[in-house]
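To start, the structure under review is shown below, and the notes come after it.
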Amino acid sequence: MKGLLLIFTFTFSLSVSASEIDLDEFAQTYFKAMVATQAPNATKDDLENYFSLLTDDVGHSHLPWVTDDSRLPDGKEAMRKGMLFYLGAHTEYNAELLDVFIFNNSAIAIRYKNSAKGIHPESKQPLAYTQTMMEVLEMENGKVAIIRKYHE
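Residues -18 to -1, 1 to 134 (mature numbering (1 follows the signal peptide of the UniProt record, and there is no 0)) are what the sequence shown spells out, left to right.
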């Protein structure tokens, strides 16, 4: 019985430590991966690197355009479709990480300033913007489960 208890305790402690990640380091990795997806020379591999940080059923809101952040079985696939549509639309893109906030082991907020120029893939109209953004990332098992994007 003591042996079984020891094995259970050891296994439980391994699973707890495996699920606890350095969220500040994760925030840095997430930001770099996200920025790479917006670069003028971004590739499908850059998108897949970013998607590797997300759960399959990731929920996503980007107000005012995307207001429903429900987690659906095809959440990652829906984001992939949307991001593929805009892949390579930027001719210029710059981003600067301003702040990282960690909330216990369940959430990260990153605040950054970005600017871009490019051509909208559908309307073929020029686009240009500079904005300050905050993304709140709700974590689950070491991956992003919900993304909420806000403009300052």
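Glycine included, every Cβ here is placed at the ideal spot set by N, Cα and C.
Query, Result
"CA-to-CA distance, ALA15 to ASN31, given in whole angstroms", "7 Å"
"Ranges of the beta strand (DSSP E) found wholly within the stretch 71 to 114, counting only runs of at least 3", "72 to 85 and 89 to 101"
"Beta-ladder partner(s) of SER43, from DSSP", "ARG130"
"7 Å CB neighbourhood of LYS125 in its chain, flanking five on each side removed", "LEU35, LEU36 and THR37"
"Beta-carbon contacts of GLN113 that lie in its chain and below 8 Å, excluding the five residues immediately before and after", "LYS95, ASN96, SER97, HIS133 and GLU134"
"Beta carbon of ASP6 nearer than 7 Å to that of ILE84", "yes"
"Alpha carbon of THR19 to alpha carbon of SER52, nearest angstrom", "23 Å"
"Whole-angstrom C-beta distance between ALA71 and HIS42, which should lie under 8 Å", "So it is not a contact: roughly 18 Å between Cβ atoms."
"Where LYS58 falls, given that 16 or more other Cβ within 10 Å makes a residue buried", "buried"
"Limits of the unbroken alpha helix (DSSP H) element including ASP27", "26 to 33"
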